[in-house]
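Colleague: Next up is a structure, given as structure tokens.
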Ligand code: ADP
Ligand code: MG
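See the structure below:
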């Protein structure tokens, strides 16, 4: 097979890959690549820019290597992705620029290579924001402008913003992605150095503007004014604008009224804290990505502990894995409980939520008396309510398994673990039970409610 050129092999590989990856994925990341060189088991693929290189390297390397191995019947091949200016131009011929030419990319924003659409887990909490982000990434400037995404800390706003940015870059759209804080500093500096013209042309002559955490500019009158004009210039030219914030436009303190109304022109999409299924899927995806061996019940346990913040959810997984490594064991629920002890206590912001409060709320919801839950009766209803109480005390307070067992009729910690596991699995199939538990949570935790507008 030695005489086939790298390009011939790559063309065949692309044919295979086209079947194996989704269409948008293929178009964005693979279509504009070339087989550059194949020598000594090293296959060099030429790609249009560093973002494509990073993406492919991180996400598709093994698939590509497998495909190449099967095509060449070589026992192993290492693939590298190289940006070298020799990619197809629009007429389909190959460019001939010498290597290492400085490219326009040197001044492009660096997007986090992990923050791509493929790695974003979609659930009911973020489906709208995800779909809208994909929609505008595929058809910028024409569907909703601006797209305004808001939600609490660590729920994926920046992830979606960068995912949009990656696609824009792959399509050679000139994009700026900055935090509102950066924008403000940039503006202040431009004013100080009398370079506002430069500033204006930098932000207004682009194909797409991605602004993270816009709430920061509320009350900064001159920056708001400047942003207002930037917004108008881009919007008039059908350039896509995407804005993220921790709250909807109407709730940002001191936000200029004109800006608020602009922000409401397009689509406002919220991201809510993830439900238990989404948290579990995220943990499964991260565990798989890091190739760590961890059982489903331990993941479930972690998912139960961290509810408000996906970054902390990932952090907790890392912590449990690190703990297990430290103690040279595989991660168990007990170990996870130990590893996460003070993290979950930080989460339960309502330090005022006590086991007694939860028991009361659960009893109330099941129309029982608290003593029923704390007693020994085993009627079906009471047993269910008791399990729910165990599960919720575990979620909402810092009580240990032993303490929970104790307040609910001196039961064994393992009974508490079982009850928690059972509820976690029941709410996957029973919509009614899930609703009921959410209602109880809202009743003891009014903050969760006020997030929805
Ligand atoms: P925000 O900007 O809303 O504070 P980030 O976008 O920084 O949050 O997300 C925090 C972390 O959680 C990041 O590592 C991100 O990749 C991860 N993350 C958030 N949402 C998801 C999701 N739906 N699927 C996978 N990872 C997610
Ligand atoms: Mg962010």
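In the working numbering, the protein residues as written are 21 to 473.
Using N, Cα and C, we set each Cβ at its ideal position, and we do this for glycine too.
Rounded to whole angstroms, what's the CA-CA distance from residue 102 to residue 197? Just pull it up for me.
Modeller: Each residue's Cα considered, the two are about 24 Å apart.
Colleague: Residue 68 to residue 236, Cα distance in whole Å?
Modeller: Going by the C-alpha atoms only, they are around 35 Å apart.
Colleague: Shorter than 8 Å, the distance from the beta carbon of residue 52 to the closest heavy atom of the ligand MG, or not?
Modeller: No; taking the cut-off as 8 Å, the Cβ of residue 52 has no heavy atom of the ligand MG nearer than that.
Colleague: According to DSSP, simplified to helix, strand and coil, what is residue 348?
Modeller: Coil, per DSSP.
Colleague: For residue 253 and residue 275, I'd like the C-alpha separation in whole angstroms.
Modeller: So the two alpha carbons sit approximately 19 Å from each other.
Colleague: Sort 410, 430 and 389 by Cα distance to residue 442 and report the nearest one.
Modeller: Comparing Cα positions, the closest option is 410.
Colleague: Are there any heavy atoms of the ligand ADP lying less than 8 Å away from the beta-carbon of residue 276, as far as the coordinates show?
Modeller: For the ligand ADP, not one heavy atom lies less than 8 Å from the Cβ of residue 276.
Colleague: Taking residue 202 as the reference, give the member of 428, 230 and 186 with the closest Cα.
Modeller: If we check each option's Cα against that of residue 202, 230 comes out closest.
Colleague: Of the residues 284, 285, 334 and 455, which one's Cα is nearest the Cα of residue 303?
Modeller: Nearest option by C-alpha distance: 334.
Colleague: For residue 96, does the count of other Cβ atoms within 10 angstroms reach 16, so buried, or fall short, so exposed?
Modeller: Residue 96 comes out exposed.
Colleague: Once you ignore the five residues that flank residue 57 on each side, which residues in its own chain have a CB closer than 7 Å to its CB?
Modeller: The answer, listed in chain order, is 26 and 64.
Colleague: Can residue 141 and residue 153 be called in contact, C-beta distance under 9 Å?
Modeller: Cβ atoms of residue 141 and residue 153: not closer than 9 Å.
Colleague: What are the residues that DSSP puts in a beta bridge with residue 262?
Modeller: Paired residues: 167 and 230.
Colleague: So residue 255 and residue 261 are supposed to be a Cβ contact under 8 Å. How far apart are they, rounded?
Modeller: Rounded, the Cβ-Cβ distance is 7 Å, consistent with contact.
Colleague: Check whether the region 454 to 467 touches the region 379 to 386, taking contact to mean three or more Cβ pairs, one atom from each stretch, closer than 8 Å.
Modeller: Yes, since at least three Cβ pairs between the region 454 to 467 and the region 379 to 386 fall closer than 8 Å, the two stretches touch.
Colleague: Residues near the ligand MG, CB to any non-hydrogen atom under 7 Å, in chain order?
Modeller: Chain-ordered list of matching residues: 177, 178, 232, 233 and 264.
Colleague: Tell me whether the beta-carbon of residue 226 lies closer than 9 Å to the beta-carbon of residue 195.
Modeller: Yes. Within cutoff.
Colleague: Report the option in 289, 38 and 183 whose CA atom is closest to the CA atom of residue 84.
Modeller: The residue with the shortest Cα to Cα distance from residue 84 is 38.
Colleague: Quick one: Cα of residue 497 to Cα of residue 181, how far?
Modeller: Shown here, the chain extends from 21 to 473; a query on residue 497 therefore has no answer.
Colleague: Based on the DSSP output, what are the partners of residue 59 in its beta bridges?
Modeller: Residue 59 pairs with 62.
Colleague: Should residue 425 be labelled buried (16 or more other beta-carbon atoms within 10 Å of its own) or exposed?
Modeller: Per the 10 Å Cβ criterion, buried.
Colleague: DSSP three-state call for residue 389: helix, strand or coil?
Modeller: Of the three classes helix, strand and coil, the one that applies to residue 389 here is coil, per DSSP.
Colleague: Do residue 323 and residue 296 have their CB atoms nearer than 9 Å?
Modeller: Cβ distance < 9 Å, so residue 323 and residue 296 count as in contact.
Colleague: Could you tell me the distance, in whole angstroms, from the CA atom of residue 151 to the CA atom of residue 301?
Modeller: Straight-line Cα distance between these residues: approximately 18 Å.
Colleague: Please classify residue 459: is it buried, with 16 or more other beta-carbons within 10 angstroms of its beta-carbon, or exposed?
Modeller: Exposed is the call here.
Colleague: Quick check on residue 193: does DSSP put it in helix, strand or coil?
Modeller: Of the three classes helix, strand and coil, the one that applies to residue 193 here is coil, per DSSP.
Colleague: Which residues share a DSSP beta bridge with residue 100?
Modeller: Residue 100 pairs with 64.
Colleague: Do you know offhand how far residue 189's Cα is from residue 352's?
Modeller: If you take the alpha carbons of residue 189 and residue 352, they lie about 43 Å apart.
Colleague: Please determine whether the Cβ atom of residue 498 lies at a distance below 8 Å from any heavy atom of the ligand ADP.
Modeller: Outside the displayed range of the chain (21 to 473) lies residue 498, so it cannot be described from this structure.
Colleague: Between residue 100 and residue 62, how many whole angstroms is the CB-CB distance? I'm expecting something under 8 Å.
Modeller: Confirmed, Cβ separation roughly 7 Å.
Colleague: For residue 147, which option in 307, 343, 355 and 292 has the closest C-alpha, if you only look at C-alpha atoms?
Modeller: Of 307, 343, 355 and 292, the residue nearest in Cα terms is 292.
Colleague: Restricting to runs no shorter than 3 residues, where is the beta strand (DSSP E) found entirely within the region 249 to 293?
Modeller: Taking only runs of at least 3 residues, the beta strand (DSSP E) segments lying wholly in the region 249 to 293 are 260 to 265 and 287 to 291.
Colleague: Taking 8 Å as the cut-off, is the C-beta of residue 189 nearer than that to any heavy atom in the ligand FAD?
Modeller: The model depicted lacks the ligand FAD and carries the ligand ADP and the ligand MG instead.
Colleague: With 16 as the cutoff for other CB atoms within 10 Å, does residue 30 come out buried or exposed?
Modeller: Looking at its Cβ environment, which holds 16 or more other Cβ atoms inside 10 Å, residue 30 is buried.
Colleague: Between residue 66 and residue 55, is the Cβ-Cβ spacing less than 9 Å?
Modeller: Cβ distance < 9 Å, so residue 66 and residue 55 count as in contact.
Colleague: The alpha helix (DSSP H) spanning residue 427 covers which residue range?
Modeller: From DSSP, the alpha helix (DSSP H) with residue 427 extends over 421 to 427.
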